[in-house]
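J.: Encoded as C-alpha cells, here's the structure I'll be asking about.
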Amino acid sequence: MTSVIGKSVKRTDTLGKVTGGAVYAGDVVLPGLLHGKTKRATVAHARIVSIDTSKALALPGVKAILTHADVPRVLHYGSPHPRSASVTQDQYILDTKVRYYGEGVAAVAATSEEIAELACELIEVEYEPLPAVFTVEDALKPDAPTIHDVGPGGNLVLPPFVVTRGDVEKGFAEADVVVEGEYGMGRPTPAYMEPNVCVCQWDPLGKLTVWTSTQSPFMVRGTLAEVLGLPLNKVRVLVDHMGGGFGAKQDLFQHEFLCALLAQRTRRPVRMEFSRKETFLGGRTRHPGTVWIRQGFKRDGTITAREAKVVFNSGAYGSHGPGVTAVGTAALTSLYRCENVRLEGRCVYTNTPIAGAFRGYGVVQTYYALDILMDEAAEMLGLDPAELKLKNAVREGDIAPSNHPLTGHGLEDCIRRGMEETGWASRSTKRRAAPAGRLRRGWGMGCEMHGSSAYPGIKEQGNAVVRMNEDGSVTLMTGTTGLGTGAHTALAQITAEELGVKFEDVAVVHGDTDVVPWDIGAFASHTTFMAGRACQIAAAQVKAKVLARAADKLEVAAADLEIKDSVISVKGVPGMSMTVRDAIAAEKGIPAPQLLGEGSYHPTKSYSFAAHFVEVEVDTETGQVSVLQVVPVHEIGKVIHPIAAAGQIEGGIQQGIGHTLSEDFVVDHRDGRPLNASFVDYKMPLAMDMPPIRTIILETAPSDGGPFGAKGVGEDPIIAIGPAIANAIHDAIGVRFRHYPITPEQILQALAAREDAQAA
Numbered sequence: 001m002t003s004v005i006g007k008s009v010k011r012t013d014t015l016g017k018v019t020g021g022a023v024y025a026g027d028v029v030l031p032g033l034l035h036g037k038t039k040r041a042t043v044a045h046a047r048i049v050s051i052d053t054s055k056a057l058a059l060p061g062v063k064a065i066l067t068h069a070d071v072p073r074v075l076h077y078g079s080p081h082p083r084s085a086s087v088t089q090d091q092y093i094l095d096t097k098v099r100y101y102g103e104g105v106a107a108v109a110a111t112s113e114e115i116a117e118l119a120c121e122l123i124e125v126e127y128e129p130l131p132a133v134f135t136v137e138d139a140l141k142p143d144a145p146t147i148h149d150v151g152p153g154g155n156l157v158l159p160p161f162v163v164t165r166g167d168v169e170k171g172f173a174e175a176d177v178v179v180e181g182e183y184g185m186g187r188p189t190p191a192y193m194e195p196n197v198c199v200c201q202w203d204p205l206g207k208l209t210v211w212t213s214t215q216s217p218f219m220v221r222g223t224l225a226e227v228l229g230l231p232l233n234k235v236r237v238l239v240d241h242m243g244g245g246f247g248a249k250q251d252l253f254q255h256e257f258l259c260a261l262l263a264q265r266t267r268r269p270v271r272m273e274f275s276r277k278e279t280f281l282g283g284r285t286r287h288p289g290t291v292w293i294r295q296g297f298k299r300d301g302t303i304t305a306r307e308a309k310v311v312f313n314s315g316a317y318g319s320h321g322p323g324v325t326a327v328g329t330a331a332l333t334s335l336y337r338c339e340n341v342r343l344e345g346r347c348v349y350t351n352t353p354i355a356g357a358f359r360g361y362g363v364v365q366t367y368y369a370l371d372i373l374m375d376e377a378a379e380m381l382g383l384d385p386a387e388l389k390l391k392n393a394v395r396e397g398d399i400a401p402s403n404h405p406l407t408g409h410g411l412e413d414c415i416r417r418g419m420e421e422t423g424w425a426s427r428s429t430k431r432r433a434a435p436a437g438r439l440r441r442g443w444g445m446g447c448e449m450h451g452s453s454a455y456p457g458i459k460e461q462g463n464a465v466v467r468m469n470e471d472g473s474v475t476l477m478t479g480t481t482g483l484g485t486g487a488h489t490a491l492a493q494i495t496a497e498e499l500g501v502k503f504e505d506v507a508v509v510h511g512d513t514d515v516v517p518w519d520i521g522a523f524a525s526h527t528t529f530m531a532g533r534a535c536q537i538a539a540a541q542v543k544a545k546v547l548a549r550a551a552d553k554l555e556v557a558a559a560d561l562e563i564k565d566s567v568i569s570v571k572g573v574p575g576m577s578m579t580v581r582d583a584i585a586a587e588k589g590i591p592a593p594q595l596l597g598e599g600s601y602h603p604t605k606s607y608s609f610a611a612h613f614v615e616v617e618v619d620t621e622t623g624q625v626s627v628l629q630v631v632p633v634h635e636i637g638k639v640i641h642p643i644a645a646a647g648q649i650e651g652g653i654q655q656g657i658g659h660t661l662s663e664d665f666v667v668d669h670r671d672g673r674p675l676n677a678s679f680v681d682y683k684m685p686l687a688m689d690m691p692p693i694r695t696i697i698l699e700t701a702p703s704d705g706g707p708f709g710a711k712g713v714g715e716d717p718i719i720a721i722g723p724a725i726a727n728a729i730h731d732a733i734g735v736r737f738r739h740y741p742i743t744p745e746q747i748l749q750a751l752a753a754r755e756d757a758q759a760a
C-alpha cells in the first residue's frame, strides 16, 4: 500500500472552488429574501437619548427596523465559547449606550440593499456624549470614565493575570548583565477575503436556519439558542465554505443576532453582509498593547531571570481579551529557558474597535518583544543571536506555557537547520552595508512555539463519525469548519490511512449542525491535531468491524488480516484475500450491515516549533524595507498534506510581513474615528510584494496525541517572522526598533536622529 499520509493529494474542495460551484453564505438566495443593514454610531462614547425611525419606516420597501427597545436585553458572550474563562459576557445585541465609533445602534430590513442603506441614513439618533478614552494609559487613570459596569473595575477586562516560577530576585542577583525594554504593538486587522455575512430563515414550526461565515457553527448555534430562548434543536447552522477567518470569525457579531430577529419580525428570510468598511468597524482586530521585559543573563548567555508586564487594549468589549492576555502572558514562561519568572498581564477596555481572536492569539505580541530583547542581549554580551537562542531554546522535559512537559527538541532542530541552510555561522554579525551606498542589507532570525489546541484554557473535544457504505465507500462526518486551508482533505487522508482504503473512496460531510457531530470550532491550530485524531479513532472502530466480518468469510482470525488499498488479505499468505466491498456485501438476502465508528478525543498538549531566517534590504534615502528572502524552518510532527502545510506557512509569513512593516488600523485619538477603514488606506503586502520563501518542514518530534504524530501549523508562521524582520533591519542599519509596524517614516527619523547625535 502506498500511504496517503504525507502526500499532497488533490483537495476535496478543488473542483467547487475553481468552477465557482462552491457555495458560500453570501451565495444563498431564497424566495422573498430581504436585505438587512446596520445603523452605526458616529460617536465613540455616548448614551442614546432617543432614536427616531419614523422617516425610515415610511420609506417604500422598508419592512422592519430594530432598536434596543425591540431586542432581548440579554448579556451575551462576544465570543461563542459559553462560560469559558477565555472570553467575556459584556455585550447586548443593541444597547442604550455606545462604546465605540461604528457600533451598531439599529438595524433595517428592506427589499433591496440600497433601500436598507438609505433607511439607515434616515434613522435619527440623539446622543448624550460621554468622555472617551482611546489608550490604555488614559483608561487606567483614576478619574477615567467607566466604559462597563461589569468586570473588576477601573476599565480592566479581568483581574491582572499573574504567573510566577522560581525566585526572580535571586535570579537577577545572579545575573552578570540585565537587559530590559518596552515594546509596542499596533492594531492589525485580519482582512479576510470574504466579509462577514449571514442569511436567516424561520420555518412555520419556529425553527431558525442560519447560513453564516463562521469558524464555530456549533458555538453560533449554542449562543443564538441561549440568547433567543430556543432549544438547540430549533437552531440549525450551515457553513459549506468560508473565505477566511484567521481567528476573528470565532465571535458572534451583532449582525447575526439582528439578522435572526429581523427574519423573525418580517417572517421572511433576511441577508446581512458587511461592506468592506464594516469589516473594519464591526469586525475584530489584533490586540494592540505594550510589553515591558527585563531579563538577567550570565556572561555565557544563560538566562537567570525574566520579568514582564503585558498590557493589551481590548477595545470597547472584552471578546477574547481574557484568553489572549492569559495565553500571551503565559507564553513568556517559555521559548527560551528560564527557571525564575514573574509575569503580569492586563487587558483594558477603551473606546476603540473591538480586539478579538487573531492568528497567533497573544503570542505574536509577547514573542515579538522577547525575541527582539534576546537579540539586544546578544549584542551586549558579544554573542551571536542565533547561538544565544539555541543555547537557551526549550527542549525535552522543560515546562511549557500550558504547564505540560515538552517532548522532543523541535526548537533546537529548527534553529540548527536554519543556520545550516543560510550559512549563518559564516556570516559576520556586523552590518553588511555597501560602501557609500544607500541600500543596506541585513539578516535576522526569530523563533516561536505554539500549542496544538487551546487546551487546557478551553476544555476541548474532537468528534467524528465514520460510516462504511454497503459498496465499501466511506463517509466521514465532521463538525469542523473549512476556512479555506484544506482541512477536510487532511481529515479524509487520515480516515483513509487508518481504514486502509483509497483516498478517493472517502467523502466528507460537514457544515450542517443538524447532521454532523458537535465540534468546538476551527481555531487554535487544532483541526488536524484534534479532529484528525477523532477521525482516526472512528476509522479504527470501523476497520475492526470490517476485519471481523472478513475473518468469518476467510475463516481466519481477524488479527491475521490487514487492509491495503481497499483489499483485505491474510498476512503472509499470498492470494488469500477479498475486497472490502465483498467483505461487507449482503448475503442470502440479508442486507449489508451498517458499519459505524464514533470517535471522540480530548486532546493532550503538543507544541510545534519554528525558526525564521530573513534577509532584508533597507533604502536609507526612502526608509523602504524590502524583504529579500525568507527561510522558515518548522517542526510540526508528521506532515499530513505537505503542500497545504507549506501554504499555511507561506500565508502566515505574508501576514507577518504586513504586521511588521505596514499594517495598522489607525484610530483618531481625538474622537475615536477610524482613519483607514478600507483596503485603499490599510496597506497589506500583495502577491507582487512577496519574497522568495524556501520552506523547510521537519518531522523530528512527532506528537504522542495527534493522528500519526501530526501537530498543528495554522498559527505558527505568523509569530516568528516579525522579530526576524525587526532584527534584520537592525543588522542592516544599526538602528533598533521596538514596535510594529516599522514604517519608512520612522526609519528615516531614526537615521536622522542618529546622525544628529553623532554630529553633536
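Residue numbers (our numbering): 1 to 760. Beta carbons: idealized from backbone N, C-alpha and C, even for Gly. All values derive from a computational prediction rather than experimental measurement.
Classify I719 as helix, strand or coil using the three-state DSSP reduction.
T.: helix
J.: Could you tell me how far apart the beta carbons of I696 and E421 are, in whole angstroms, since I believe they sit closer than 8 Å?
T.: Contact flag correct, Cβ pair sits at about 6 Å.
J.: How do the region 473 to 488 and the region 549 to 562 stand: do at least 3 beta-carbon pairs fall below 8 Å, yes or no?
T.: no
J.: Roughly how many angstroms lie between the CA atoms of L59 and K39, to the nearest whole one?
T.: 15 Å
J.: Quick one: what's got a C-beta closer than 7 Å to G315's C-beta in the same chain, skipping five residues either side?
T.: The answer, listed in chain order, is Y100, T350, T352, P353, I354, A355.
J.: Just curious, the alpha helix (DSSP H) that H488 is in, first and last residue?
T.: 487 to 499
J.: With 16 other CB atoms within 10 Å as the buried threshold, where does T212 fall?
T.: buried
J.: Within a Cβ cutoff of 7 Å, which residues of the same chain sit near R187, ignoring the five residues on either side of it in sequence?
T.: Within the same chain, and ignoring the five residues on either side of R187 in sequence, the residues whose Cβ sits closer than 7 Å to its Cβ are T285, R286, P288, D664, F665.
J.: My output table needs one value for C447: the three-state DSSP class, helix, strand or coil.
T.: strand
J.: Rounded to whole angstroms, what is the Cα-Cα separation between L370 and I636?
T.: 22 Å
J.: Could you give the first and the last residue of the continuous beta strand (DSSP E) run that contains T660?
T.: Looking at the DSSP string, T660 is not in any beta strand (DSSP E); the run it does join, the alpha helix (DSSP H), is 642 to 661.
J.: Per DSSP, what are the beta-bridge partners of W424 in this structure?
T.: Answer is none; W424 lacks a bridge partner.
J.: Let me know the secondary structure DSSP gives V105 once reduced to three states.
T.: strand
J.: Just reading off the alpha helix (DSSP H) that L261 is part of, what are its end residues?
T.: 254 to 266 is the extent of the alpha helix (DSSP H) around L261.
J.: In whole angstroms, what is the alpha-carbon distance linking I733 and L439?
T.: 9 Å
J.: Got a sec, what are the start and stop residues for the alpha helix (DSSP H) N392 sits in?
T.: 385 to 392
J.: What does DSSP give as the partner residues of I563 in its beta bridges?
T.: I568
J.: I think S626 touches V614, with their Cβ atoms under 8 Å apart; what is that distance to the nearest whole Å?
T.: Actually they do not touch by this definition, with Cβ atoms about 11 Å apart.
J.: Check P322 in the structure and name its three-state DSSP category.
T.: Looking at P322 - three-state DSSP - the assignment turns out to be helix.
J.: I'd like the span of the beta strand (DSSP E) that includes M380, first residue to last.
T.: Run containing M380: none in the beta strand (DSSP E); it sits in the alpha helix (DSSP H), 363 to 381.
J.: Between G36 and I115, how many whole angstroms is the CB-CB distance? I'm expecting something under 8 Å.
T.: Between I115 and G36 the Cβ distance is about 11 Å, and since that is not below 8 Å, they are no contact.
J.: Provide the residue span of the beta strand (DSSP E) that contains L66, from first to last.
T.: 62 to 66
J.: Rounding to the nearest angstrom, what Cα-Cα distance links I643 and T19 in this structure?
T.: 21 Å
J.: Please report the residue range of the alpha helix (DSSP H) in which E137 lies.
T.: 136 to 139
J.: Within 10 Å of its beta-carbon, does S3 have 16 or more other beta-carbons around it, so buried, or fewer, so exposed?
T.: exposed
J.: Buried or exposed: P80, going by 16 or more other Cβ atoms within 10 Å of its Cβ?
T.: Residue confidence for P80 is low, a pLDDT of 48 falling below 50, so the modelled location carries little weight; the figure read from the coordinates is stated next. The residue is buried, with at least 16 neighbouring Cβ atoms inside 10 Å.
J.: Quick one: using the 10 Å Cβ neighbour count with 16 as the cut-off for buried, is E194 buried or exposed?
T.: buried
J.: My guess is that M374 and K389 are in contact by the Cβ rule of under 8 Å, so how many angstroms apart are they, rounded?
T.: Confirmed, Cβ separation roughly 6 Å.
J.: Skipping 5 residues on each side, what residues in its chain have a beta carbon closer than 6 Å to that of A109?
T.: L34, G36, K63, A64, L262, T266, V270
J.: Could you check which residue in W518, G222, Y361, L30 has the C-alpha nearest to that of Q201?
T.: L30
J.: E497 and F708 look like a contact to me (Cβ under 8 Å); what is the Cβ gap, rounded to whole Å?
T.: 7 Å
J.: In terms of residues, what are the limits of the beta strand (DSSP E) holding T223?
T.: Segment 217 to 228 is the alpha helix (DSSP H) holding T223; no beta strand (DSSP E) there.
J.: For T12, name the three-state secondary structure that DSSP assigns.
T.: coil
J.: Starting from the N-terminal side, write out each stretch of the beta strand (DSSP E) that is 3 residues or longer and does not extend beyond the region 175 to 220.
T.: As far as the region 175 to 220 is concerned, its whole beta strand (DSSP E) runs of at least 3 residues are 177 to 185, 197 to 202, 208 to 212.
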